[in-house]
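Please read the structure below before turning to the comments.
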Amino acid sequence: MRAAIFDTFGAQLEVRDLPDPAVPDDGAVVRVEACGVCRSDWHAWKGADPDVVPPHVPGHEFAGVIEATGPDCRWFRVGDRVTAPFVLACGQCADCLGGEATICAHQQVLGFTGWGAFAERVAVPRGDFNLVALPEGLDPVAAAGMGCRVTTAYRAIADRAALRPGEWLAVHGCGGVGLAAVMIGAAMGAQVLAIDIAPDKLAAASAAGATLTLDATAPADVGEAVREMTDGGAHVSLDALGITETFHNSVRGLRRLGRHVQIGMPLGRHAEPTVPLLELVYSRQIAIMGTRGMAASRFPGLLAMIEAGRLHPGTLVTRRIPLHDAGDALAEMDAYAGTGVTVIDRF
Ligand SMILES: [Zn+2]
Ligand SMILES: [Zn+2]
Numbered sequence: 001m002r003a004a005i006f007d008t009f010g011a012q013l014e015v016r017d018l019p020d021p022a023v024p025d026d027g028a029v030v031r032v033e034a035c036g037v038c039r040s041d042w043h044a045w046k047g048a049d050p051d052v053v054p055p056h057v058p059g060h061e062f063a064g065v066i067e068a069t070g071p072d073c074r075w076f077r078v079g080d081r082v083t084a085p086f087v088l089a090c091g092q093c094a095d096c097l098g099g100e101a102t103i104c105a106h107q108q109v110l111g112f113t114g115w116g117a118f119a120e121r122v123a124v125p126r127g128d129f130n131l132v133a134l135p136e137g138l139d140p141v142a143a144a145g146m147g148c149r150v151t152t153a154y155r156a157i158a159d160r161a162a163l164r165p166g167e168w169l170a171v172h173g174c175g176g177v178g179l180a181a182v183m184i185g186a187a188m189g190a191q192v193l194a195i196d197i198a199p200d201k202l203a204a205a206s207a208a209g210a211t212l213t214l215d216a217t218a219p220a221d222v223g224e225a226v227r228e229m230t231d232g233g234a235h236v237s238l239d240a241l242g243i244t245e246t247f248h249n250s251v252r253g254l255r256r257l258g259r260h261v262q263i264g265m266p267l268g269r270h271a272e273p274t275v276p277l278l279e280l281v282y283s284r285q286i287a288i289m290g291t292r293g294m295a296a297s298r299f300p301g302l303l304a305m306i307e308a309g310r311l312h313p314g315t316l317v318t319r320r321i322p323l324h325d326a327g328d329a330l331a332e333m334d335a336y337a338g339t340g341v342t343v344i345d346r347f
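Written out as C-alpha cells, the structure is:
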C-alpha cells in the first residue's frame with residue numbers, strides 16, 4: 001500500500017510502498033477514503049508526542065470502507081462505511097465498560113502508538129468496540145473532517161462542560177477544533193464568543209455561528225474584555241489552542257461557577273502554567289477540566305445532530321489534497337496560518 005512516512009522527527013514525509021497492515025483477529029482493515037490533517041499529527045511529526053517512535057505513518061482522522069475483518073470481529077462486515085475514535089480502547093476494562101473509553105489504561109492511539117491513516121489502508125483493533133458506522137448521508141471527506149476535532153469539541157462541550165442553551169460559551173483559538181466548538185455551541189443553543197488573533201479565523205468563526213468575536217490583540221486584558229462582552233463572564237470557556245496565554249485568558253474570562261475545559265494539548269513551556277487559585281478557583285469557584293478524545297459510544301449523539309441538519313462538519317473542510325501533499329500540509333502548520341480543516345482524499 002502507499003503511505004506517507006517520516007524516518008526521523010521533522011524530516012519531510014515521503015510517500016512509499018509499504019506492506020499492508022495485518023488484519024487483527026478482533027478487528028478490521030479499512031480502505032481509507034479520506035483522512036484529516038490535524039495539529040496533533042504535526043506534534044507527532046515534530047517529536048513532541050512521547051508515544052511516537054519513527055519511522056512513523058501519522059493520521060488519526062479517517063473514514064473508509066471495511067476491506068477485511070478478523071474472525072472475532074462480529075458486528076461489522078466487509079463493505080461497511082466506518083470511522084473510529086483515535087483512542088482505540090480495550091473494550092474490556094472497568095473504564096471501557098463504564099462508558100469512559102478515553103481513559104482506558106490499555107488503549108492504543110491511532111497514528112501515535114501505532115501507524116495511522118496517511119495510507120491506503122489502516123488496521124483497527126477491537127473492532128466491535130472501536131468502529132463506528134457512518135450514516136448514509138455523511139460523505140467520507142466530511143466524516144474525516146469531523147475527525148478528532150468535532151468529536152473532541154463535542155465531548156468538551158456536551159459531556160465535560162454540560163453546556164446549556166442560552167449560556168455564554170467562550171472559545172479561545174479558532175483553528176480546527178475551535179471552529180468545531182463554535183459550530184457545536186451554536187447548534188446547542190448557546191451564545192458563542194469566539195476569540196483569536198487572526199481576522200480570517202474570526203470571520204470563519206462568525207460564519208460557523210459565533211454570536212460575537214474578539215480580536216485578542218486589541219484589549220490589554222482579554223479576560224476582562226470577555227467578561228464585559230458576556231454580561232459578567234462566560235459560563236463555559238475553552239482553551240482550544242493549549243498555550244499559557246489562551247489558558248489564562250480562558251479562566252479569567254469565566255463568571256462565578258464557570259467551567260473551563262482544556263482542549264488544546266499544552267506542550268513544552270506551556271505544560272505547567274500558574275493557576276490563580278485564590279482569585280479564580282477558590283473565590284470565583286470556577287472548575288478546571290480536561291478533555292481528550294471521545295469514546296466510540298458517544299458518536300450516536302453527534303451523528304444524530306449531523307443527520308438532523310443541525311451540524312455541518314463538511315463546511316469545516318477548506319482544502320482537499322492528495323496523499324503526496326500531506327508532508328507540505330504538515331510543514332505549513334509551523335506558521336499557525338490557514339483556516340479550517342485540510343483533508344487527504346486521494347491516495
Ligand atoms: Zn479499556
Ligand atoms: Zn486530530
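Numbering-wise (my numbering), the sequence shown opens with residue 1 and increments by one.
Cβ atoms here follow ideal geometry from the backbone N, Cα and C, with glycine treated the same way.
Model, not experiment: these values are computed from the prediction.
The region 56 to 65 makes contact with the region 99 to 118: 3 or more CB pairs, one atom from each, lie closer than 8 Å. Residue 345 and residue 141 do touch by the CB rule: their CB atoms are close to 5 Å apart, below 8 Å. The alpha-carbon separation between residue 155 and residue 181 amounts to approximately 10 Å. Using a cutoff of 7 Å, the CB of residue 40 counts as near ligand 2, since one of the ligand's heavy atoms is closer than that. A Cβ-Cβ separation of about 5 Å places residue 134 in contact with residue 143 under the 8 Å criterion. Here the distance from the Cβ of residue 108 to the nearest heavy atom of ligand 1 is not below 7 Å.
Exclusion of residue 319 from the 7 Å shell around ligand 2 follows from its C-beta lying no nearer than that to any non-hydrogen atom of the ligand.
In this structure, ligand 1 has no non-hydrogen atom nearer than 7 Å to the beta-carbon of residue 98. Secondary structure note for residue 229: its alpha helix (DSSP H) is the uninterrupted segment 222 to 229. For the pair of segments examined, the region 164 to 179 was found to touch the region 200 to 216: the number of CB pairs separated by less than 8 Å reaches three. Taking the CA atoms as reference points, residue 307 sits about 15 Å from residue 150. For the region 244 to 275, the continuous alpha helix (DSSP H) assignments of 4+ residues that do not extend past its boundaries occur at 244 to 252, in sequence order. Residue 299 carries a helical assignment under DSSP once its states are collapsed to helix, strand and coil.
Residue burial annotation: residue 92 is exposed, with fewer than 16 other C-beta atoms found within 10 angstroms of its C-beta. For residue 143, the uninterrupted alpha helix (DSSP H) run begins and ends at 140 to 154, by DSSP. Between residue 267 and residue 49, the alpha-carbon positions lie close to 9 Å from each other.
With fewer than 16 other beta carbons inside 10 angstroms of its own, residue 257 counts as exposed.
Distance between residue 76 and residue 53, taken at the CA atoms: about 31 Å. In chain order, 62, 64, 117, 119, 120, 121, 122 and 347 place their CB closer than 7 Å to the CB of residue 32, counting only its own chain and leaving out the 5 sequence neighbours on each side. Per DSSP, reduced to three states, the secondary structure at residue 289 is strand. Ligand 2 never approaches residue 242 closely enough for any of its heavy atoms to be under 7 Å from the residue's Cβ. Cβ contact annotation for residue 147 (same chain, cutoff 7 Å, sequence separation greater than five): 36, 38 and 61, in chain order. Distance from the Cα of residue 286 is smallest, within the candidate group 330, 261, 294 and 228, for 261. When beta bridges are read from the DSSP output, residue 241 appears opposite no residue. In the three-state reduction of the DSSP assignment, residue 6 falls in the strand class, which pools E and B. Beta bridge pairing from DSSP links residue 135 with no other residue. Here residue 198 is actually not in contact with residue 165; their C-beta atoms are around 29 Å apart, not less than 8 Å.
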